[in-house]
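Novice: According to this note's numbering, the sequence shown is numbered sequentially starting from 1. Here a beta-carbon is modelled for each residue, glycine too, at the ideal position from N, C-alpha and C. Owing to the predicted nature of the structure, the values given are computational and were not obtained by experimental measurement.
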Amino acid sequence: MSFQTSAGETLDSPTDWLDPDKAIEERIEGILQQLTLEEKAALCHAQGKFSSPGVPRLGIPELWYSDGPHGVRAEINWNNWGYAGWTSDSCTAFPALTCLAASFDPSLALEYGRAIGQEARYRKKDVLLGPGVNIYRTPLNGRNFEYLGEDPCLAAAMVAPYVQGVQENGVAACVKHYALNNQETDRGHIMVEVSQRALHEIYLPAFKAAAQAGAWSFMGAYNQYNGEHCCHNDLLINQILKGRWGWDGVLITDWGGAHDTRQAVFNGLDIEMGTYTNGLTSESAFGYNDYYLADPFLKGIKDGSYPIELLNDKVRRILRLMLRTTLAPRRPLGSFATEAHARTAREIAAAGIVLLKNDKKLLPLSPGLRKIAVIGENATRNLMQGGGSSELKPWRSVTPLQALGLRYPDAEIVYAQGYDSGKAMYSQEGVPTHDPARLHEQAVQAARDAELVIFVGGLNKNHRQDCEAADRKSYELPFGQPELIRDLALVNPRIVVVLLSGNAVESSWAAQVPAIVQGWYGGSEAGNALVDVLSGDVCPSGKLPFSFPEKLGDNAAMSFGSLSYPGDGKRQVYMEDILVGYRWHDTRKIPAAWPFGHGLSYTSFSLGKARLDKKTCQAGEQLTVSVPVSNTGKCRGAQVIQLYVSQPKASVPRPAKELKAFSKIWLDPGESRTVEITVPVDCFAYYDETRQDWHLEAGEYLLRVGTSSTEIHTSLKVSVQ
Ligand code: BGC
């Protein structure tokens, strides 16, 4: 028996869709032909907390989802948020995405994606809920640690290889949270008002890069934009993502992000997850059949309120995702919690560590140290716990204190906690369980007696620190750390401050200490990676993926008052517009304490004269900048050459600097190489709101080559005709 598909293809038999040699689009039509309305509608909503149905009658497997984005989360119960208590689900925890971004190394993003994809595959997960690419707008956002920093070019360059690496395993990446979820306060309903220009220039490019890299799924954000929730938002999903960008993937809600059947049907939502249900009832109030895209959808299709084509479009997308994952031929098998993954995690964690300050070359640590005081709660804490949905149960975890002991077996290492966060997790505020004055005093005593002090503090994954569902309350280091650092430095000036965080912190105490390291959340191998860098086994090469303002009010979003952040409870207005991060600091001449792109090394580099391959160019062409770079120091190290573009005389306001490309180069001592950076001239364009499109203005542009957003080595002129 042969039959016609709706795409006009002829299939020999209704089971042709099983043939892996047939093209995916043909197989989709083959399946679609055979599904009942009920089976189709079932595909569009959850059947458990982290699962959505397949087609049992045809043997088409259900889909399994997992957070994301730093490792495969421990198994969750079918109907509630409790952990299922498995003993086979302890994963490799990879470094937080801020750390990955700080590596400025897309090849590491590919390795990251591959490794986490392998873990997801082994755990039989089909959709990995990550990466997160919301732009870092304010240092108070509780979820910045899950994202790729403040710059759209950097985030776009890192997200594409991550997605590709995950999907090589037959596991879909789910890029989140689309879009404008830049704070946790009021995230479920806040109406974000932002100009079209800032939307396209700042907040969408990383999503666009992910879509163009072929991400198989996206997650809608909780907040609202343009009058609609982002999970069923006509402008964001239908017009931009599926329309203008031509994306063929599946739009999944954030858990509980759907609010309306009609909008869900018409505005591009494909799979609804996490809407409230106790799950125990079925076919009745608050069972999965009550989801917006379940019975109400089916009923509307049957009574003609909703066109069947909309259902078919969703189903085609879902079947496409299945044919790429659960139904893919020769799907790799994956691997889980391996030494190889631990090595990858360690390499990335070390590559992202940023040496902020290193006066008198206090670092690397001298090999013969005899007595080290290690101070701070984060030296011993498992920072993979807490933080919300990205929380992980690692199969191994090496703390900084343990790693120092392993690396310096002959040294006497004295530990003092120094401060107490109360170790509260997800849903509580930190309430100290120890006497803070006593902890402080013990730490000062330990510091006084030591040859060198390593303070390991920063933020943590407690509620209102780096944690989902709420924002930070203040910019200062919490739990009395600034006073403690000052007091430690008074008794022992040989002090290294290590900040573990996913956010910038106030750092006026920095003047009192010679060495500062931004260590992020490094995952399973955090301690080893940190000690790799402190010891000099690995030369630090990370660069800041966001600015550290001196004061909170120096941050663009914060400087415009409460309607800008956190909003009035209903709406918020992104008044800084396109001037996010260093774009603000540089254009408004408000210096940051630590600027975007900054990061020191144990070696030194010299940059030769940069050259451009042309003096004039036009749309559609490419430009190549060449810069000779030499390692003039004594150890192997890496420098990140950063290319910033500006248009000094433009018809619209433009930022003083915008990163358009970068390249990380490793060099042996004495080695020189020429770095070539090629950029499309079209990336100099701005988003023109009247044309509703990108516009490349003719005129003169400045290309600045540097090693941070403020360390500019050469400026080159080019004229666009
Ligand atoms: C988070 C998502 C996460 C989902 C599932 C939501 O609360 O915003 O990032 O993937 O839960 O855990």
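#1: Check the C-beta distance from W520 over to T92 and give it rounded, since I have them as a contact under 8 Å.
#2: Please state whether the Cβ-Cβ distance between G597 and Q639 is less than 8 Å.
#3: In the DSSP output, what is H189 paired with across the bridge?
#4: Run through the DSSP bridge pairs and tell me what M322 is partnered with.
#5: Would you list the residues whose beta-carbon is nearer than 5 Å to any heavy atom of the ligand BGC, in the order they occur in the chain?
#6: Under the rule that 16 or more other beta-carbon atoms within 10 Å means buried, what is A698, buried or exposed?
#7: Identify, in the order they occur along the chain, each residue of the same chain with its Cβ nearer than 8 Å to the Cβ of S107, setting aside the five sequence neighbours on each side.
#8: Using 8 Å for Cβ pairs, my map puts V265 next to F297. What's the rounded Cβ distance?
#9: Taking F662 as part of the alpha helix (DSSP H), name the residues at either end of that continuous run.
#10: Within the continuous beta strand (DSSP E) that includes H463, where are the two ends?
#11: In angstroms, rounded to a whole number, what distance separates the CA positions of T624 and A610?
#12: Helix, strand or coil, according to DSSP, for M425 in the structure here?
#13: Determine whether the beta carbon atoms of D270 and R320 lie at a separation below 8 Å.
#14: Going by DSSP, what residue range makes up the alpha helix (DSSP H) through V675?
#15: So, G352 versus G542, is the Cβ gap smaller than 8 Å?
#16: Under the assumption that G71 contacts I116 (Cβ atoms under 8 Å), give the Cβ distance between them as a whole number of angstroms.
#17: Buried or exposed: which applies to V498, given that a residue is buried once 16 or more other Cβ atoms fall within 10 Å of its Cβ?
#18: So, helix, strand or coil for F266, using DSSP?
#19: Where does the unbroken alpha helix (DSSP H) through P307 begin, and where does it stop?
#20: For the putative contact between G386 and N462, defined by C-beta atoms under 8 Å, what is the C-beta separation to the nearest angstrom?
#21: Taking C-alpha atoms, which residue in E75, D260 and V374 lies nearest to V531?
#22: Hey, how far is the Cα of W694 from the Cα of S562?
#23: Output the distance between the C-alpha atoms of T138 and I578, rounded to the nearest integer angstrom.
#24: Under 8 Å, do V175 and V127 count as touching if we go by C-beta distance?
#25: Where L490 and A515 are concerned, what is the direct C-alpha to C-alpha distance, given to the nearest angstrom?
#26: Using DSSP bridges, identify the partner residues of V250.
#27: Just reading off the beta strand (DSSP E) that K615 is part of, what are its end residues?
#28: Helix, strand or coil: how does DSSP classify E146 here?
#29: Reducing DSSP to helix, strand and coil, say where W594 ends up.
#30: Considering only residues of the same chain and omitting the five flanking positions on each side of R346, which have a CB-CB separation below 6 Å?
#31: Does the count of Cβ pairs from the segment 44 to 61 and the segment 324 to 334 closer than 8 Å reach three?
#32: Could you give the C-beta distance for Y122 and I348, rounded to a whole number, given that I count them as a contact under 8 Å?
#33: Can you round the beta-carbon distance between N378 and G458 to whole angstroms, since I take them to be within the 8 Å contact cut?
#34: Less than 8 Å between the CB atoms is what I'm expecting for L356 and Q518, so what's the real figure, rounded?
#35: Out of curiosity, what's the CA-to-CA distance linking G706 and L100?
#36: Does the Cβ-Cβ distance between D67 and S390 come in under 8 Å?
Specialist: By the coordinates alone:
#1: Distance from W520 to T92 at the Cβ level is roughly 16 Å; contact not present, criterion being Cβ atoms closer than 8 Å.
#2: no
#3: The partner list for H189 (beta bridge, DSSP) is empty, contrary to what the question assumes.
#4: Paired residue(s): none; M322 is not in a bridge.
#5: The answer, residue by residue, is D67, L129, D254, W255 and S389.
#6: exposed
#7: P161
#8: 6 Å
#9: Note, F662: premise wrong, no alpha helix (DSSP H); beta strand (DSSP E) at E658 to L667.
#10: Where H463 is concerned, there is no enclosing beta strand (DSSP E), given that its DSSP letter is neither H nor E.
#11: 10 Å
#12: Confidence at M425 is low in this model, with a pLDDT of 49, below 50, so the placement of that residue is unreliable and no value is reported for it.
#13: no
#14: That residue, V675, is in no alpha helix (DSSP H); its beta strand (DSSP E) goes S672 to P680.
#15: yes
#16: 7 Å
#17: buried
#18: Helix, per DSSP.
#19: Premise fails: P307 is in no alpha helix (DSSP H) and is neither H nor E.
#20: 6 Å
#21: Of the listed residues, the one whose Cα sits closest to V531 is V374.
#22: 31 Å
#23: 14 Å
#24: In this structure, V175 lies away from V127, with their beta-carbon atoms at least 8 Å apart.
#25: 14 Å
#26: Beta-bridge pairing links V250 to S217.
#27: Taken as a continuous stretch (DSSP letters only), K615 belongs to no beta strand (DSSP E), as it is neither H nor E.
#28: helix
#29: strand
#30: E525, N528 and A529
#31: yes
#32: Not a contact, Cβ separation roughly 20 Å.
#33: 6 Å
#34: 6 Å
#35: 21 Å
#36: yes
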